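Enquirer:
Chains as they are written, first to last, in my numbering: chain P, 13 to 124; chain E, 1487 to 1601.
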């Protein structure tokens, strides 16, 4: 079974803190994704990586950056957390189009 | 830019009713299409997918979807819903032709089934 593991299920951070969300997949997938999920807005793509050290902006990259130093690991970084970044963050991976994406359990981040 | 529209935000049905959830996408090229489901407290999982060939695709748990290229639509159907189908359903699109492709999701449809 494909496994996508996000390091934390719940996080509470203070405004202005630098926040790291980690994601690891164990199936040697080329592509990895970070989404945020908000009620009524669905999943919005923040960043996407198609290879080590390669990344593309999604629809809402402002306030975020990413790092992919190893194929299996994709990190989302909130440079200076703000309350409007309180959300559920989902990591996903796939072998490349047209294959399906596999999702982690999500990290619910609260910024206070 | 690609976009996916799911016009039904919340659908409430009784058990055994038929279901159709709408999905329209905006993209000029060839696409791969997906429906994902998120049961309460669980991670997203694939219901079904369309890449090419027969535009009527069957997925898990009795779900099916029809790709109508001329309407840019990929509606999800089930002839008779069960209480266990209560979940949130997401339509997604990914351009084909490159393995390095984004997957764009719609805003989701929450389905509530009355027992």
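In this text, a Cβ means the ideal position worked out from N, Cα and C, and glycines have one as well. Being a predicted model, the structure only gives us computed values, none of them experimental.
(1) Closer than 9 angstroms, Cβ to any Cβ of chain E: which residues of the region 96-113 of chain P, in chain order?
(2) For residue 1564 of chain E, go through chain P and note every residue whose CB falls closer than 9 angstroms to its CB, in chain order.
(3) May I ask you to verify whether the region 28-43 of chain P touches the region 91-108 of chain P, counting CB pairs closer than 8 angstroms and requiring at least 3?
(4) What number of angstroms, rounded off, separates the C-alpha of residue 1516 of chain E from the C-alpha of residue 119 of chain P?
(5) Comparing the C-beta of residue 28 of chain P with each C-beta of chain E, is any distance below 7 angstroms?
(6) Under 7 angstroms between beta-carbons, which chain E residues line up against residue 60 of chain P? List them in chain order, please.
(7) Using DSSP bridges, identify the partner residues of residue 62 of chain P.
(8) Hey, is residue 88 of chain P's beta-carbon within less than 7 angstroms of any beta-carbon in chain E?
(9) Please check if any C-beta of chain E sits within less than 7 angstroms of the C-beta of residue 55 of chain P.
(10) Does chain P have any CB closer than 7 angstroms to the CB of residue 1529 of chain E?
(11) Report, in whole angstroms, the separation of the C-beta atoms of residue 1536 of chain E and residue 1581 of chain E, which I expect to be a contact under 8 angstroms.
(12) Roughly how many angstroms lie between the CA atoms of residue 1573 of chain E and residue 1529 of chain E, to the nearest whole one?
(13) With a threshold of 7 angstroms between beta carbons, is residue 1592 of chain E in contact with chain P?
(14) Determine the direct distance from the alpha carbon of residue 61 of chain P to that of residue 67 of chain P, and round the result to whole angstroms.
(15) Let me make sure I understand the geometry here. Which of E:1593, E:1569, E:1505 and E:1545 has the alpha-carbon closest to that of residue 112 of chain P?
(16) Please report the Cβ distance between residue 15 of chain P and residue 37 of chain P, rounded to the nearest whole angstrom; I am assuming they are in contact, meaning their Cβ atoms lie under 8 angstroms.
(17) Going by the CB atoms, is the gap between residue 1522 of chain E and residue 1558 of chain E shorter than 7 angstroms?
(18) Cα separation between residue 1540 of chain E and residue 1490 of chain E?
(19) Would you list the residues sitting across from residue 44 of chain P in a DSSP beta bridge?
Expert: The structure says:
(1) 102, 104, 106, 107, 108, 109, 110, 111, 112 and 113
(2) Near residue 1564 of chain E there are no residues of chain P at all, since even the closest Cβ is about 20 angstroms away, more than 9 angstroms.
(3) The region 91-108 of chain P and the region 28-43 of chain P touch, with three or more beta-carbon pairs separated by less than 8 angstroms.
(4) Residue 1516 of chain E and residue 119 of chain P have their alpha carbons spaced roughly 33 angstroms apart.
(5) No, residue 28 of chain P does not count as interfacial toward chain E.
(6) Within 7 angstroms Cβ-Cβ: 1588.
(7) In DSSP, residue 62 of chain P forms no bridge with anything.
(8) no
(9) With a threshold of 7 angstroms between beta carbons, residue 55 of chain P makes contact with chain E.
(10) Chain P has a Cβ within less than 7 angstroms of the Cβ of residue 1529 of chain E.
(11) Not confirmed; about 13 angstroms, so no contact.
(12) 11 angstroms
(13) yes
(14) 4 angstroms
(15) E:1545
(16) 7 angstroms
(17) no
(18) Distance between residue 1540 of chain E and residue 1490 of chain E, taken at the CA atoms: about 22 angstroms.
(19) P:61 and P:105
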